[in-house]
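What follows is a set of notes on a single structure, which appears directly below.
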Amino acid sequence: MDSNLLEQLFSAANLFVLPFWALMILVPNAKLTRTVMASLLPIATLAGLYLFLFITSFSNVEGLEAFSDPNLSLGDLAALFANPHVTATGWVHYLAFDLFVGRWIYWQGQDSGLFTRHSLALTLFAGPMGLLSHLITDALGRRLMKAEETTKEEKVMG
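Going by the working numbering, the sequence shown opens with residue 1111, and the numbers climb by one from there.
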């Protein structure tokens, strides 16, 4: 693949995800955000780009063999990622999965009323940390809601 096209696809993918993150983080309760985030099309679009990059980056047998090698070493993997095409493919993989996880966090927050902006921001910049943040926030939120319900029940009965 032409390096200019690869650079354009890489840049386009980076820009493509930003409006979705901005909506979820900045205006999570807006009707526009709910409408846009109800669709899986943005994630499917990234998955399609990933598939295209994956197929074109491993057009040689050596690349496919390296990834299917059960004894793949960290050094071998680093050598593969030294190729800009492989790096772009991996980056789009991150973008797609981070957006998928972010969308899940967003909808969990919408359904439960849980605050998610901090977890979404972390997911945008450091996917697994954002997911962990959300899981902790969700667990604490559930515990607090349960404690509040218990307190209300005690007041009614007492």
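Note that beta-carbon positions come from the ideal geometry of N, C-alpha and C, so glycine has one too.
For L1119, the uninterrupted alpha helix (DSSP H) segment begins and ends at 1113-1136. DSSP places G1219 in the uninterrupted alpha helix (DSSP H) bounded by 1194-1222. The three-state reading of DSSP puts L1161 in helix, counting H, G and I together. In the three-state DSSP reduction, L1190 falls in the helix class (H, G or I).
By the CB criterion at 8 Å, L1224 and D1186 fall outside the cutoff. Only buried fits D1208, as 16 or more other CB atoms lie within 10 angstroms of its CB. For L1190, the CB contacts under 8 Å within the same chain, skipping 5 residues up- and downstream, are G1173, A1176, F1177, V1196 in chain order.
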